[in-house]
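Numbering (the numbering used here), first residue to last: 23 to 254. We put the CB at the ideal spot given by N, CA and C, even for glycine. Encoded as C-alpha coordinates, the structure appears first; notes follow it.
Encoded structure:
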(Lines of atoms letter the chains of each structure in order from A; the text may use other names.)
(Lines give C-alpha, C1' and ligand atoms only; values in the text may rest on other atoms or scores of the structure.)
Protein backbone atom coordinates (compact mmCIF):
# COMPACT_ATOMS: atom_id res chain seq x y z
CA UNK A 23 0.00 0.00 0.00
CA UNK A 24 1.41 3.37 -1.08
CA UNK A 25 1.67 6.31 1.35
CA UNK A 26 2.94 9.85 0.84
CA UNK A 27 5.99 11.12 2.70
CA UNK A 28 8.98 9.33 4.23
CA UNK A 29 8.70 6.20 6.38
CA UNK A 30 7.67 7.54 9.78
CA UNK A 31 7.20 5.69 13.06
CA UNK A 32 5.77 7.35 16.18
CA UNK A 33 6.14 5.77 19.63
CA UNK A 34 3.93 6.93 22.51
CA UNK A 35 5.37 6.36 26.00
CA UNK A 36 4.24 7.28 29.49
CA UNK A 37 7.56 8.11 31.19
CA UNK A 38 11.17 9.02 30.44
CA UNK A 39 13.03 5.73 30.10
CA UNK A 40 10.13 3.79 28.59
CA UNK A 41 11.40 4.60 25.11
CA UNK A 42 14.64 2.76 25.86
CA UNK A 43 13.39 -0.20 27.89
CA UNK A 44 10.29 -0.99 25.83
CA UNK A 45 11.16 0.01 22.28
CA UNK A 46 14.79 1.08 22.27
CA UNK A 47 16.04 -1.63 19.92
CA UNK A 48 13.21 -1.19 17.46
CA UNK A 49 13.59 2.60 17.40
CA UNK A 50 17.35 2.34 16.90
CA UNK A 51 16.91 -0.20 14.10
CA UNK A 52 14.49 1.94 12.10
CA UNK A 53 16.48 5.10 12.73
CA UNK A 54 19.54 3.32 11.37
CA UNK A 55 17.53 2.32 8.29
CA UNK A 56 16.61 5.96 7.64
CA UNK A 57 13.03 6.08 8.91
CA UNK A 58 11.84 9.18 10.73
CA UNK A 59 11.40 8.13 14.38
CA UNK A 60 9.26 10.23 16.70
CA UNK A 61 9.00 9.69 20.45
CA UNK A 62 6.10 11.21 22.41
CA UNK A 63 6.65 11.15 26.19
CA UNK A 64 3.48 11.86 28.16
CA UNK A 65 4.80 12.61 31.67
CA UNK A 66 7.76 14.31 33.30
CA UNK A 67 8.74 11.35 35.50
CA UNK A 68 8.43 13.24 38.81
CA UNK A 69 7.89 9.96 40.71
CA UNK A 70 11.04 8.33 39.41
CA UNK A 71 14.04 7.97 41.74
CA UNK A 72 16.20 11.03 42.28
CA UNK A 73 19.78 11.01 40.99
CA UNK A 74 20.87 10.43 44.61
CA UNK A 75 18.76 7.29 44.78
CA UNK A 76 16.08 8.86 46.97
CA UNK A 77 12.62 7.52 46.22
CA UNK A 78 9.39 9.54 46.30
CA UNK A 79 8.56 10.62 49.84
CA UNK A 80 12.13 10.31 51.09
CA UNK A 81 14.38 13.18 52.12
CA UNK A 82 16.25 14.42 49.08
CA UNK A 83 13.51 13.61 46.59
CA UNK A 84 12.32 16.85 45.01
CA UNK A 85 9.83 16.17 42.20
CA UNK A 86 10.67 19.24 40.12
CA UNK A 87 14.39 18.50 40.31
CA UNK A 88 13.75 14.86 39.46
CA UNK A 89 11.67 15.88 36.45
CA UNK A 90 14.45 18.15 35.17
CA UNK A 91 17.05 15.42 35.61
CA UNK A 92 14.87 12.81 33.93
CA UNK A 93 14.25 15.17 31.00
CA UNK A 94 18.01 15.54 30.51
CA UNK A 95 18.43 11.75 30.61
CA UNK A 96 15.59 11.38 28.10
CA UNK A 97 17.22 13.80 25.66
CA UNK A 98 20.52 11.93 25.96
CA UNK A 99 18.86 8.55 25.41
CA UNK A 100 16.94 9.77 22.36
CA UNK A 101 20.16 11.18 20.95
CA UNK A 102 21.83 7.80 21.45
CA UNK A 103 18.95 6.01 19.71
CA UNK A 104 19.05 8.40 16.75
CA UNK A 105 15.53 9.68 17.36
CA UNK A 106 14.44 12.28 14.82
CA UNK A 107 11.89 14.14 16.95
CA UNK A 108 11.03 14.17 20.67
CA UNK A 109 7.70 15.60 21.81
CA UNK A 110 6.98 16.19 25.52
CA UNK A 111 3.34 16.43 26.62
CA UNK A 112 4.49 17.52 30.10
CA UNK A 113 1.85 15.84 32.26
CA UNK A 114 2.60 15.00 35.90
CA UNK A 115 3.68 11.44 36.62
CA UNK A 116 0.84 9.58 38.40
CA UNK A 117 3.12 7.23 40.33
CA UNK A 118 2.86 3.46 40.37
CA UNK A 119 0.70 3.15 43.50
CA UNK A 120 -1.02 5.16 46.20
CA UNK A 121 -2.75 8.49 45.85
CA UNK A 122 -2.52 10.11 42.45
CA UNK A 123 -1.16 13.69 42.64
CA UNK A 124 -3.21 16.60 41.40
CA UNK A 125 -2.87 16.78 37.64
CA UNK A 126 -1.51 13.23 37.43
CA UNK A 127 -1.58 11.96 33.86
CA UNK A 128 -4.11 9.20 34.54
CA UNK A 129 -6.60 11.83 35.82
CA UNK A 130 -6.46 13.86 32.61
CA UNK A 131 -9.58 13.25 30.48
CA UNK A 132 -8.75 10.89 27.64
CA UNK A 133 -10.36 13.31 25.20
CA UNK A 134 -8.07 16.16 26.32
CA UNK A 135 -4.79 14.28 25.95
CA UNK A 136 -5.98 12.56 22.78
CA UNK A 137 -6.63 15.96 21.21
CA UNK A 138 -3.00 16.95 21.74
CA UNK A 139 -1.74 13.62 20.44
CA UNK A 140 -4.05 13.82 17.41
CA UNK A 141 -2.37 17.11 16.48
CA UNK A 142 1.02 15.37 16.54
CA UNK A 143 -0.27 12.50 14.41
CA UNK A 144 -1.59 14.98 11.86
CA UNK A 145 1.72 16.86 11.90
CA UNK A 146 4.07 13.89 11.54
CA UNK A 147 1.76 11.60 9.49
CA UNK A 148 3.29 8.33 10.77
CA UNK A 149 2.44 5.14 8.92
CA UNK A 150 3.20 3.15 12.09
CA UNK A 151 2.38 3.93 15.74
CA UNK A 152 3.56 1.95 18.75
CA UNK A 153 2.39 2.30 22.34
CA UNK A 154 2.19 0.46 25.65
CA UNK A 155 0.36 -2.62 26.75
CA UNK A 156 0.95 -2.64 30.50
CA UNK A 157 -0.89 -2.54 33.83
CA UNK A 158 0.90 0.59 35.13
CA UNK A 159 -1.81 3.26 35.37
CA UNK A 160 0.05 5.80 33.27
CA UNK A 161 0.78 3.14 30.64
CA UNK A 162 -2.90 2.15 30.56
CA UNK A 163 -3.84 5.80 30.12
CA UNK A 164 -1.28 6.26 27.33
CA UNK A 165 -2.82 3.27 25.58
CA UNK A 166 -6.33 4.76 25.83
CA UNK A 167 -5.16 8.18 24.68
CA UNK A 168 -3.35 6.65 21.71
CA UNK A 169 -6.38 4.59 20.72
CA UNK A 170 -8.68 7.61 20.72
CA UNK A 171 -6.21 9.82 18.83
CA UNK A 172 -5.82 7.13 16.17
CA UNK A 173 -9.58 6.72 15.92
CA UNK A 174 -10.11 10.47 15.53
CA UNK A 175 -7.48 10.99 12.86
CA UNK A 176 -7.52 7.73 10.92
CA UNK A 177 -3.73 7.76 11.31
CA UNK A 178 -1.67 5.50 11.10
CA UNK A 179 -1.93 2.49 8.78
CA UNK A 180 -0.68 0.15 11.52
CA UNK A 181 -0.89 0.27 15.32
CA UNK A 182 1.24 -1.95 17.56
CA UNK A 183 1.36 -2.59 21.30
CA UNK A 184 4.46 -3.69 23.20
CA UNK A 185 4.23 -7.36 24.16
CA UNK A 186 6.14 -10.17 25.81
CA UNK A 187 5.36 -12.51 22.92
CA UNK A 188 3.42 -10.88 20.11
CA UNK A 189 2.50 -11.21 16.44
CA UNK A 190 5.60 -9.26 15.37
CA UNK A 191 9.20 -9.96 16.36
CA UNK A 192 11.94 -7.39 15.71
CA UNK A 193 15.53 -8.63 15.73
CA UNK A 194 17.63 -5.94 17.44
CA UNK A 195 20.97 -7.77 17.54
CA UNK A 196 22.65 -5.29 15.19
CA UNK A 197 21.65 -2.33 17.39
CA UNK A 198 22.06 -3.96 20.80
CA UNK A 199 24.98 -1.66 21.58
CA UNK A 200 22.82 1.34 20.78
CA UNK A 201 20.01 0.19 23.07
CA UNK A 202 22.55 -0.48 25.83
CA UNK A 203 23.95 3.04 25.46
CA UNK A 204 20.43 4.51 25.68
CA UNK A 205 19.71 2.53 28.85
CA UNK A 206 22.94 3.82 30.36
CA UNK A 207 21.75 7.38 29.73
CA UNK A 208 19.03 6.75 32.34
CA UNK A 209 21.64 6.29 35.06
CA UNK A 210 19.41 7.57 37.86
CA UNK A 211 17.02 4.67 37.27
CA UNK A 212 19.67 1.93 37.17
CA UNK A 213 17.94 0.28 34.22
CA UNK A 214 18.95 -3.35 33.59
CA UNK A 215 21.91 -3.85 31.30
CA UNK A 216 20.74 -7.28 30.12
CA UNK A 217 17.90 -7.58 27.63
CA UNK A 218 16.61 -9.87 24.90
CA UNK A 219 17.92 -9.42 21.38
CA UNK A 220 14.32 -9.53 20.18
CA UNK A 221 11.50 -7.12 20.90
CA UNK A 222 7.92 -8.29 20.50
CA UNK A 223 4.85 -6.35 19.44
CA UNK A 224 1.17 -7.19 19.11
CA UNK A 225 -0.45 -5.80 15.97
CA UNK A 226 -3.66 -4.08 17.08
CA UNK A 227 -4.79 -3.20 13.58
CA UNK A 228 -3.44 -2.93 10.06
CA UNK A 229 -5.17 -1.51 7.00
CA UNK A 230 -2.57 -3.12 4.70
CA UNK A 231 -3.50 -6.69 5.71
CA UNK A 232 0.16 -7.70 5.74
CA UNK A 233 0.44 -11.43 6.56
CA UNK A 234 1.34 -12.55 10.08
CA UNK A 235 3.70 -13.24 11.73
CA UNK A 236 5.80 -10.18 10.87
CA UNK A 237 9.43 -9.22 11.31
CA UNK A 238 9.02 -5.66 10.01
CA UNK A 239 6.59 -3.03 11.35
CA UNK A 240 6.48 -1.46 7.89
CA UNK A 241 5.49 -4.69 6.13
CA UNK A 242 2.86 -3.92 3.50
CA UNK A 243 3.79 -0.21 3.41
CA UNK A 244 5.61 1.63 0.65
CA UNK A 245 6.27 5.37 0.80
CA UNK A 246 6.85 8.01 -1.83
CA UNK A 247 9.10 10.31 0.17
CA UNK A 248 12.86 9.87 0.72
CA UNK A 249 14.10 8.36 3.97
CA UNK A 250 16.42 10.31 6.24
CA UNK A 251 20.19 9.93 5.78
CA UNK A 252 21.39 6.76 7.48
CA UNK A 253 23.16 7.44 10.78
CA UNK A 254 26.10 5.36 12.03
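Worksheet entry | Given 8 Å, three or more beta-carbon pairs between the stretch 90–99 and the stretch 133–148 | no
Fill in: For residue 157, the three-state DSSP class (helix, strand or coil)
coil
Fill in: Counterpart residues of residue 188 in DSSP-defined beta bridges
Partner(s): none; residue 188 has no beta bridge.
Discussion item. Among the candidates 164, 136, 67, whose CA atom is the shortest distance from the CA of residue 92?
Written reply: 67
Item to complete: Would you be able to state if there are at least three C-beta pairs under 8 Å between the stretch 196–211 and the stretch 176–183?
Response: no
Discussion item. Could you compute how far the alpha carbon of residue 118 sits from the alpha carbon of residue 158?
Written reply: 6 Å
Worksheet item: Using DSSP with H/G/I as helix, E/B as strand and the rest coil, what is residue 24?
Response: strand
Fill in: For residue 217, three-class secondary structure by DSSP
coil
Practice prompt. Return yes when the Cβ of residue 105 is within less than 7 Å of the Cβ of residue 61, no when it is not.
Written response: yes
Worksheet item: Looking only at its own chain, which residues have a Cβ that is under 8 Å from the Cβ of residue 24, when we skip the five neighbours before and after it?
Response: 244, 245, 246
Worksheet entry | Selection from 112, 69, 87 that minimises the alpha carbon distance to residue 123 | 69
Item to complete: Can you say whether residue 42 is buried or exposed, counting buried as having 16 or more other CB atoms within 10 angstroms of its CB?
Response: buried
Worksheet item: Using DSSP with H/G/I as helix, E/B as strand and the rest coil, what is residue 33?
Response: In the three-state reduction of the DSSP assignment, residue 33 falls in the strand class.
Worksheet item: By Cβ distance below 6 Å, which residues in the same chain neighbour residue 37 in space, the five residues on each side in sequence not counted?
Response: Excluding positions up to five away in sequence, the list reads 65, 67.
Fill in: Of the residues 198, 75, 231, the one placed nearest residue 218, counting alpha carbons only
198
Item to complete: For the alpha helix (DSSP H) containing residue 230, list its first residue and its last residue.
Response: It is not in any alpha helix (DSSP H) - residue 230 carries neither H nor E in the DSSP assignment.
Item to complete: Taking 8 Å as the threshold, find out whether the stretch 42–61 comes into contact with the stretch 107–118 through three or more Cβ pairs.
Response: yes
Worksheet item: For the alpha helix (DSSP H) that contains residue 88, what are its first and last residues?
Response: 85–103
Discussion item. Let me check understanding here. Comparing Cα to Cα, which of 237, 40, 156, 83 lies closest to residue 220?
Written reply: 237
Discussion item. Considering only their Cβ atoms, is the gap separating residue 27 from residue 201 smaller than 7 Å?
Written reply: no
Fill in: Status (buried if at least 16 other CB within 10 Å, exposed otherwise) for residue 240
buried
Discussion item. Taking DSSP's pairing of strands, which residues face residue 133 in a bridge?
Written reply: DSSP output for residue 133 lists no bridge partner at all.
Worksheet item: Between the C-alpha atoms of residue 256 and residue 194, what's the straight-line distance to the nearest angstrom?
Response: No answer is possible for residue 256: the residues shown for the chain start at 23 and end at 254.
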